[in-house]
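Going by numbering that gives the first Met the number 0, the letters in the first sequence line up with residues 0 to 542, in that order. Ideal Cβ positions, reconstructed from N, Cα and C, are used throughout, including at glycine. The model shown is predicted, which means the values in this text are computed figures rather than measured ones. Below is one structure, written out as structure tokens, with a few remarks after it.
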Amino acid sequence: MTCSTDNFYYRINSNTIPFLKTIFEHKDIIKVGYDIKSSIKILKSLEIEINGDLFDVEIANHLINPDTRSSLNIISEHYLNISIQEQSDIVGKGKNILSFFDIDEKIVSIYACNNAEVILKLQELLNADLLNNNLLELFNQVEMPLIEVLASMELEGIAINTDRLLEFSSELNKKLIFLEREIINHAGVQFNVTSPKQLGEVLFEKMNLSEKPKKTKSGQYATSEEELTKYKDTHPIINDVLSFRTIKKILSTYVEALPALINPDTGRIHTTFNQSVTSTGRLSSTKPNIQNIPIRTDLGMKVREAFVPKNSDYLILAADYSQIELRIMASLSKDPAMISAFKKNEDIHVATASKVYKLPKDKIDKTMRSSAKAVNFGIIYGISAFGLSQNIGVSRKDAKKIIENYFNEFPNIKEYMNLSIENAKKTKYTQTLLGRKRFLRDIDSKNGMIRAMAERNAINTPIQGTAADIIKVAMINIEKQLIKNDMKSKMTMQVHDELVFDMYKKEERLLRNIIKQEMEGAINLNVPLVVDIGVGESWLSAH
DNA sequence: GAAGTCACG
DNA sequence: ACGTACGTGACTTCA
0 MTCSTDNFYY RINSNTIPFL KTIFEHKDII KVGYDIKSSI KILKSLEIEI NGDLFDVEIA
60 NHLINPDTRS SLNIISEHYL NISIQEQSDI VGKGKNILSF FDIDEKIVSI YACNNAEVIL
120 KLQELLNADL LNNNLLELFN QVEMPLIEVL ASMELEGIAI NTDRLLEFSS ELNKKLIFLE
180 REIINHAGVQ FNVTSPKQLG EVLFEKMNLS EKPKKTKSGQ YATSEEELTK YKDTHPIIND
240 VLSFRTIKKI LSTYVEALPA LINPDTGRIH TTFNQSVTST GRLSSTKPNI QNIPIRTDLG
300 MKVREAFVPK NSDYLILAAD YSQIELRIMA SLSKDPAMIS AFKKNEDIHV ATASKVYKLP
360 KDKIDKTMRS SAKAVNFGII YGISAFGLSQ NIGVSRKDAK KIIENYFNEF PNIKEYMNLS
420 IENAKKTKYT QTLLGRKRFL RDIDSKNGMI RAMAERNAIN TPIQGTAADI IKVAMINIEK
480 QLIKNDMKSK MTMQVHDELV FDMYKKEERL LRNIIKQEME GAINLNVPLV VDIGVGESWL
540 SAH
């Protein structure tokens with residue numbers, strides 16, 4: 000199909016909509032596009048459904064090369080050697096972004112037709128590349144069906160208790176004003192506490208709180224929480240600064256930002272999930288990022304408490320995979336000790352500590368469990384003695400011993416790590432259970448640091464990426480069930496190992512069953528997958 | 001727009 | 001000798 004601006008020019012009016020409807024709802028017409036999810040959302044607002052196969056060139060490109068940005072221009076330059084206008088070239092970006100309706104129609108139509116032509120040419124080439132890389136099944140069975148699931152989640156949105164946030168905001172503002180005054184008093188000089196540069200100069204030049212203050216790459220004094228904590232007993236200003244930072248973060252990133260993102264038509268916030276950003280296959284989320292809503296501190300919890308059901312007929316249901324990455328590692332490495340611990344549904348960090356410290360499980364105290372936990376996480380990240388020593392505060396030598404001991408107790412895991420790296424060196428890529436690939440161009444780098452990074456990626460990507468594969472499959476299957484059972488409950492958020500629902504109260508039993516079955520049964524591993532479900536009046540109390 | 005910092009899994 | 005744990009996004013300051 001060719002398309003020229005003179006004979007292919009439609010406006011959205013009463014004639015256009017039936018025409019679009021015929022095409023988009025036709026089951027035998029394949030829909031090829033870039034960022035199809037955005038189109039689906041617009042079509043939905045025109046009461047047009049989308050049927051038939053999808054082929055999103057943005058996502059296709061991302062599966063083939065997850066480490067580069069998947070803008071249409073980059074893809075087009077790479078495959079066709081053609082430079083094209085991007086949406087941001089026309090409507091701008093950031094604060095002053097325009098709508099297509101603000102732009103001259105002629106410009107928009109030329110842009111749209113050029114894009115359509117390029118996208119169609121790209122489909123053929125990308126399809127061939129997907130085939131060559133054995134990625135077609137992942138593309139057609141997981142990534143394409145997921146588009147519509149994400150579109151529904153974004154359109155559904157999530158309700159926010161703005162009154163609570165407003166109260167919280169004034170409470171936090173008062174604290175900030177008080178702390179700022181304290182800090183300035185301690186310092187004896189007026190300065191901008193929010194400026195790391197100025198803060199560093201006050202703490203380390205004027206107040207001389209350290210003999211050898213750490214510097215950042217650019218030569219500035221480092222004032223991160225990690226650095227400041229080292230000096231918290233030398234002067235009360237440190238704790239004030241740390242509190243100031245925590246409160247300022249929560250206030251500006253969440254308490255003040257979230258209400259501004261509420262859509263006036265729906266009264267809810269509507270995130271955008273991005274399917275072609277991460278190198279491992281995870282989703283990401285923007286405007287707002289609902290994947291980093293606070294939970295670890297008391298102050299943070301109050302933000303999460305503001306995520307509420309859409310009305311009194313509903314509750315929030317949260318379902319999260321228990322230790323999914325460690326279970327994947329156990330399964331992929333086939334380590335008998337770790338598999339057995341998961342089959343018995345033991346506390347995995349206690350079980351690990353019991354092996355490492357050679358003590359019965361009831362003799363494992365909190366400190367031992369916590370250091371075993373740090374090692375377990377370290378293993379997933381592609382552990383280094385330095386990294387572990389930093390994390391748990393022991394010497395590098397001790398960290399090295401801990402790691403050696405761990406690998407003695409779990410020899411299959413050590414073997415699996417080595418194999419992951421060997422395979423990556425052989426094939427130049429690493430892959431997940433469903434065949435998602437990440438090419439590791441630096442795996443043979445002569446620079447030891449860069450090579451070590453690639454080796455850690457060879458270990459971590461199959462684990463993190465397989466977890467992403469699994470939850471994506473679960474989401475597709477859950478959405479199918481919600482539709483099939485004509486349910487009012489809606490899936491609203493995904494946070495890597497967790498799914499959140501606006502649950503219609505009367506559907507609780509059915510919804511729990513569906514979620515449990517589809518999440519735990521998404522993919523068969525050598526260990527069981529376990530999902531914990533909670534229900535409550537807010538996202539916080541659903542945990 | 002880069003750098004620094006910090007929120008999450 | 002050198003700098004280091006995996007993956008993200010948002011906010012603020014400053015050049």
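Check: Comparing C-alpha positions only, which one of I74, H25 and I469 sits nearest to S321?; Outcome: I469
Check: Can you give me the C-alpha to C-alpha distance between N459 and L124, rounded to a whole angstrom?; Outcome: 30 Å
Check: Need the endpoints of the alpha helix (DSSP H) that D468 sits in, please.; Outcome: G447 to K483
Check: Check F306 in the structure and name its three-state DSSP category.; Outcome: strand
Check: Quick test of your reading: L432 and A453, contact by CB under 8 Å. State the CB separation rounded to the nearest angstrom.; Outcome: L432 to A453, Cβ: 21 Å. No contact.
Check: Are there 16 or more other CB atoms within 10 angstroms of the CB of D52, so buried, or fewer, so exposed?; Outcome: exposed
Check: What is the DSSP secondary structure of Q493, reduced to helix, strand or coil?; Outcome: strand
Check: Secondary structure at I587, three-state DSSP: helix, strand or coil?; Outcome: An answer regarding residue 587 cannot be provided, because it is not within the stretch 0 to 542 covered by the chain.
Check: Using the three-state DSSP reduction, which class does L583 fall into: helix, strand or coil?; Outcome: The chain is shown only over 0 to 542; residue 583 falls outside these bounds and no answer can be derived.
Check: Using a Cβ-Cβ cut-off of 6 Å (strictly less than) and excluding sequence neighbours within five positions of N274, which residues of its own chain qualify?; Outcome: Looking at the sequence shown, residue 274 is not Asn but Gln. Cβ within range, chain order: I58.
Check: In whole angstroms, what separates the C-alpha of A541 from that of S370?; Outcome: 28 Å
Check: Would you decide whether D334 is buried or exposed? Buried here means 16 or more other CB atoms lie within 10 Å of its CB.; Outcome: buried
Check: At which residue ranges does the segment 21-65 contain complete beta strand (DSSP E) runs of 3 or more residues, listed in the order of the chain?; Outcome: 30-32 and 53-55
Check: First and last residue of the beta strand (DSSP E) that includes Y313?; Outcome: Y313 to Y320
Check: Compare the C-alpha of R437 against each of T426, K445 and N446 and name the closest.; Outcome: T426
Check: Pull up the distance between the alpha-carbon of L97 and that of V90, whole angstroms please.; Outcome: 5 Å
Check: Residue ranges of each alpha helix (DSSP H) run of no fewer than 4 residues wholly in the segment 371-432, ordered along the chain?; Outcome: 384-391, 395-408 and 410-426
Check: Alpha carbon to alpha carbon, how far is K231 from S168? Give it in angstroms, no decimals.; Outcome: 27 Å
Check: Whose C-beta lies closer than 7 Å to the C-beta of A221 among residues of the same chain, with five residues either side of it excluded?; Outcome: K213, K214 and T215
Check: Identify every residue that forms a DSSP beta bridge with D531.; Outcome: D319
Check: Within 10 angstroms of its Cβ, does V597 collect 16 or more other Cβ (buried), or is it exposed?; Outcome: The chain is shown only over 0 to 542; residue 597 falls outside these bounds and no answer can be derived.
Check: Would you tell me roughly how many angstroms separate the C-alpha atoms of I462 and N95, rounded to the nearest one?; Outcome: 40 Å
Check: Can you give me the start and stop residues for the beta strand (DSSP E) that L273 sits inside?; Outcome: It is Asn, not Leu, that sits at residue 273 in the sequence shown. Run containing N273: T271 to N273, per the beta strand (DSSP E) assignment.
Check: Note down the Cα distance separating S444 from S108, rounded to an integer number of angstroms.; Outcome: 47 Å
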